[in-house]
Each structure stands twice: as C-alpha cells, then as structure tokens.
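Below is one structure, written out as structure tokens, with a few remarks after it.
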Amino acid sequence: MKTIKGEAKLTFTEATSIIVGHGVGSGILSVPYLASRNSWRDILWLIVVCYCINLIMHLMIAELSYNNNGAQFIKCIEAELFKGRVKQIVTWVAFAFLGLSVIANVVGFITGGGAVLTAWLGLPGWAAMLIYYAVAATVVLFGMKLVGICEKISVFAMVAVMAVLFVATLINEHTGFANKFVAPSNLVALYSMIAFSLSAVMSVPQVVKGLEGDTKKIRASIACGTGINVGLILLITFMTLFACGSEVTGNGALVDLSGKLGGWVGVIGFIFSLLALSTSFWANTLNLRDIINEQTKWGTRASYLVSSLPCLAIALLGFSNFVGFTRIASVIQVLTGIGIICAYHNSRKRASGSEICGRFGGLAFQVIVCVSSVLATVGALAKVL
3 MKTIKGEAKL TFTEATSIIV GHGVGSGILS VPYLASRNSW RDILWLIVVC YCINLIMHLM
63 IAELSYNNNG AQFIKCIEAE LFKGRVKQIV TWVAFAFLGL SVIANVVGFI TGGGAVLTAW
123 LGLPGWAAML IYYAVAATVV LFGMKLVGIC EKISVFAMVA VMAVLFVATL INEHTGFANK
183 FVAPSNLVAL YSMIAFSLSA VMSVPQVVKG LEGDTKKIRA SIACGTGINV GLILLITFMT
243 LFACGSEVTG NGALVDLSGK LGGWVGVIGF IFSLLALSTS FWANTLNLRD IINEQTKWGT
303 RASYLVSSLP CLAIALLGFS NFVGFTRIAS VIQVLTGIGI ICAYHNSRKR ASGSEICGRF
363 GGLAFQVIVC VSSVLATVGA LAKVL
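The C-terminal residue of the sequence shown carries number 387 in the numbering used here, and the numbering is unbroken.
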C-alpha cells in the first residue's frame with residue numbers, strides 16, 4: 003500500500019461525511035413521489051441494486067485516482083486514455099465539459115440556497131444569493147480540512163433533523179401507505195433518482211487524498227457514506243408515504259410533510275435544505291478547484307475563486323433556461339463517467355494489482371456500471387405516470 007500526500011489529512015468520519023454531503027440533497031426529497039408510483043417490493047430491490055452498482059462505480063473511481071496518486075478525473079483521463087499529438091487538445095475539451103457540468107450544479111446550489119433564504123427571511127433574491135455564497139464559499143476558501151469538519155457537523159445535523167421528523171411522523175395523525183405499481187417507466191425514473199441521490203463520484207479523489215491512500219479506510223468510507231445516504235432515502239421515503247399516503251405530490255417530501263404535520267416542519271425543511279445544499283456546494287466547488295489547479299497550477303485559492311465566482315455571476319443573472327442547461331450538463335456528466343470507466347479499464351491493466359476493487363473491478367462489472375449510467379440518464383428523461 004502506497005502513501006498519498008494531499009492538502010490535508012482527513013479522519014475517517016470526515017472522509018465519510020464528504021461522501022454523504024456530496025450525495026445528499028434535493029434528490030432524496032424527490033424519491034418519495036416516484037416511490038409512491040411503485041410498490042414497496044420494487045422500491046427495496048431498486049435501492050439494493052442501485053447501492054451495489056454505485057458502490058462498485060465509486061470504488062473503481064477510487065482505484066483510478068489511487069493508481070494516479072490521488073489525481074482528479076481530468077489528470078486520470080489524460081494519463082490513461084489520451085495519447086499522441088491530440089492529447090493536449092482532447093484533455094482541455096474534457097476539462098471544459100466536466101467543468102461545465104460542475105458549474106451547472108454549483109449555480110443550482112447558489113440559486114437554491116438563495117431561494118431558501120428568500121422564503122425564510124423575505125430577503126431580495128440577489129441579496130439572498132450573495133449572503134449564501136459569502137457564507138458557504140468561505141468554508142472552501144480555508145481548504146479541505148475545514149470542508150471535512152463542516153461536512154461532518156452538517157451530516158450529524160441532517161441525521162438529527164430526520165430523527166425529529168421520524169418521531170413526529172409516528173406520533174401525529176397519518177394516512178398510511180397507499181403506494182402501488184403504476185407503470186414500468188416509473189421503475190426507470192425511480193432508479194434514476196436513487197442513482198442521482200447516491201452519486202458522490204466527484205468527491206472520491208478527495209477521500210483518496212484525505213485518507214492518504216489507506217485502501218481499507220477508502221473502501222470503508224465509501225461504503226459507509228453511500229450506506230448512510232441509503233438510510234436517509236429509506237427514512238424520508240417511509241415517513242412521507244406513511245404520513246401522506248395517496249396525497250404525496252411532486253413538490254418534495256418536506257412540503258408534503260409540512261402539510262400533514264404542521265407548519266413547523268417548514269422551518270425544519272429550511273434548515274435541512276440549507277444543510278443539504280451547502281454540503282453539496284462545498285464538495286463540488288472543492289472538486290472544481292482541484293481540477294482547475296491541476297490543469298493551470300494557479301494555486302488553490304486563486305483556482306477556487308476562478309471556479310466559484312462565475313457560478314455566482316450566472317446565478318445572479320438568473321438565466322431562464324437554466325433547467326435545460328442543467329439537463330445538457332447531466333448528459334455531459336454521464337458521458338464523462340463512461341470515459342472515466344474506460345480510463346479505469348486501462349489503469350487496471352497497467353497496475354500490478356487491484357488494491358481497492360479486487361474482482362469487482364473486472365470487465366463484466368465495468369460494463370454493468372456503464373449500462374447503469376445510461377439507464378439513469380434515460381430514467382431522468384422518462385415520463386412519470
């Protein structure tokens with residue numbers, strides 16, 4: 003086992019929290035609505051399958067980064083896939099595509115954080131986004147160690163929020179389960195949303211570096227972090243279906259629970275939303291900072307400002323077609339993900355052994371991961387009946 007030196011050493015809990023924080027967000031609040039269009043049997047087997055495939059994919063990415071001394075995706079793809087004269091050009095094209103998808107996500111987090119502050123405190127939209135950015139961005143400006151600490155605190159806070167809601171759901175009036183299978187397209191849509199909610203691929207290299215290449219801790223951290231997100235998905239889905247029954251809507255789990263349990267849930271929802279958005283903001287901007295720094299050598303702080311300030315500008319400009327922009331970025335991210343698995347294939351052949359994946363990194367599992375990525379993309383566009 004080799005030692006990888008990164009920006010800062012993370013504890014196991016901090017590394018796990020980065021995985022949880024990157025994955026948890028608006029996705030898990032959308033799962034209950036899709037789950038209401040499927041049976042419990044389908045919900046459970048889809049979650050199990052999705053967890054297993056996502057875990058294997060994250061471990062492949064961890065091993066790819068490990069084989070390249072903790073490098074981010076672009077450097078890994080450059081080292082494993084691109085050769086010859088066009089290497090530099092194709093590398094920068096991949097850099098632009100991946101950067102575009104991350105920027106789209108970060109703009110969404112800033113816009114969402116501003117919307118929460120506007121709804122909660124009545125602030126003007128532009129002021130709310132500026133305040134949210136100023137507070138959230140400061141954490142990443144101080145580096146990976148502070149991000150790990152804040153992710154850890156936020157994850158514990160989100161679990162506490164879910165525990166409060168769970169108790170309130172049990173002791174208050176409830177409707178009971180009314181979910182049932184409606185159409186096959188709903189299965190694909192649910193699979194896509196669960197896969198999205200469990201995805202933390204961009205943060206895996208941070209875990210590899212933060213745990214200094216300790217393969218046992220890397221495997222355990224990824225498995226535990228993804229498992230916690232599975233637990234949160236099951237908990238929020240159970241609570242929403244149990245409390246709301248057939249009255250589950252597409253407005254999000256916390257909106258439905260607020261209507262059933264009382265307006266105080268709205269305040270809880272504001273807190274949870276801010277925590278979920280912030281953990282994802284920290285993880286994504288930290289990743290984009292490192293990607294830019296690896297390509298430009300500008301330094302971490304300059305790279306961070308270059309990566310995050312354009313996102314703030316785009317959010318303040320308020321492009322009306324941002325939803326379409328995000329869909330394009332998601333397709334790019336899937337294509338990039340397939341490229342990463344191809345890079346892993348070459349990396350695995352080049353390495354003397356498989357330190358992290360073992361037999362689960364074989365060709366058959368690589369194909370399964372690629373098929374899953376395509377299926378998740380199809381599901382994101384599927385009509386829900």
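Glycine included, C-beta positions come from ideal geometry on N, C-alpha and C.
Beta carbon of residue i nearer than 8 Å to that of residue j
i: K4; j: G215; result: yes
i: I230; j: G150; result: no
i: I76; j: Q297; result: yes
i: A255; j: H60; result: no
i: G145; j: E9; result: yes
i: L192; j: L36; result: yes
i: N289; j: M204; result: yes
i: R43; j: V184; result: no
i: P34; j: T228; result: no
i: F244; j: G178; result: yes
i: F14; j: K219; result: yes
i: F362; j: I105; result: no
i: S310; j: K182; result: no
i: Y68; j: V210; result: yes
i: V141; j: C152; result: yes
i: I30; j: G72; result: no
Cβ-Cβ separation, residue j to residue i (assumed contact under 8 Å), whole Å
i: V250; j: T242; result: 6 Å
i: L416; j: A345; result: As displayed, the chain neither begins before 3 nor continues past 387, which places residue 416 out of reach and without an answer.
i: R235; j: S199; result: A small fix is needed here, since residue 235 is Ile in this sequence, not Arg. Indeed, because the Cβ distance is near 6 Å, the residues count as touching under 8 Å.
i: V118; j: T287; result: That pair is no contact at about 18 Å.
i: S260; j: G271; result: 6 Å
i: K79; j: G341; result: One detail in the question is off: residue 79 reads as Ile in this sequence, not Lys. The Cβ separation is near 6 Å, so the contact holds.
i: S282; j: G23; result: 7 Å
Residue i to residue j span [Cα, whole Å]
i: M62; j: K299; result: 27 Å
i: Q208; j: H347; result: 21 Å
i: G364; j: I358; result: 12 Å
i: A378; j: V371; result: 10 Å
i: A64; j: L48; result: 24 Å
i: V369; j: G360; result: 16 Å
i: S374; j: R221; result: 21 Å
i: G388; j: D258; result: Coverage of the chain is limited to positions 3 through 387, which leaves residue 388 absent and any answer about it impossible.
i: V386; j: T113; result: 26 Å
i: R303; j: A317; result: 21 Å
i: L12; j: G25; result: 18 Å
i: V308; j: L314; result: 11 Å
i: V50; j: N56; result: 10 Å
i: L167; j: L263; result: 9 Å
i: V393; j: A130; result: The shown model of the chain, from 3 to 387, leaves out residue 393, and the question about it has no answer.
i: I133; j: T217; result: 39 Å
i: L237; j: V169; result: 11 Å
i: W122; j: C226; result: 33 Å
i: L189; j: C54; result: 17 Å
i: P126; j: A139; result: 20 Å
i: R329; j: S103; result: Its pLDDT being 47, under 50, R329 is placed unreliably by the model, and the measurement read from it follows with that caveat. Each residue's alpha carbon lies about 9 Å from the other.
i: Q74; j: F367; result: 22 Å
i: V206; j: T18; result: 10 Å
i: T120; j: L143; result: 25 Å
i: C52; j: I45; result: 11 Å
i: L319; j: I343; result: 36 Å
i: P312; j: A98; result: 14 Å
i: S187; j: G301; result: 47 Å
i: T93; j: W284; result: 25 Å
i: V376; j: S32; result: 20 Å
i: A180; j: E16; result: 38 Å
i: A81; j: V88; result: 13 Å
i: Y135; j: W128; result: 11 Å
Decide if the segment 267-278 is in contact with the segment 286-300; the criterion is three or more beta carbon pairs, one per stretch, under 8 Å apart.
-> For the pair of segments examined, the segment 267-278 was found not to touch the segment 286-300: the number of CB pairs separated by less than 8 Å stays below three.
Continuous alpha helix (DSSP H) assignments of at least 4 residues falling wholly in the segment 187-272 | Counting only runs of 4 or more residues that sit fully inside the segment 187-272, the alpha helix (DSSP H) segments are 206-212, 217-246, 255-263, in chain order.
Is the segment 275-288 in contact with the segment 155-164, if contact means three or more CB pairs nearer than 8 Å?
-> The way I'd put it, the segment 275-288 does touch the segment 155-164; three or more beta-carbon pairs between them come closer than 8 Å.
Check whether the segment 174-187 touches the segment 347-356, counting contact only when three or more Cβ pairs, one atom from each stretch, lie closer than 8 Å.
-> These segments do not touch.
Inter-stretch contact at 8 Å, needing at least 3 Cβ pairs: the segment 183-203 / the segment 371-382 | In short, these stretches touch, since the Cβ pair count reaches three.
Is it a yes or a no for the segment 297-316 touching the segment 159-170, going by three-plus beta-carbon pairs under 8 Å?
-> Under the 8 Å Cβ criterion, the segment 297-316 does not count as touching the segment 159-170, having fewer than three qualifying pairs.
Mind listing, in chain order, the continuous alpha helix (DSSP H) runs of no fewer than 4 residues lying wholly within the segment 57-115?
-> Within the segment 57-115, the complete alpha helix (DSSP H) runs of at least 4 residues are 75-82.
Give, in chain order, every unbroken run of the alpha helix (DSSP H) that is at least 4 residues long and sits entirely within the segment 117-156.
-> Every alpha helix (DSSP H) of 4 residues or more that sits fully in the segment 117-156 is shown, in chain order, as 127-143.
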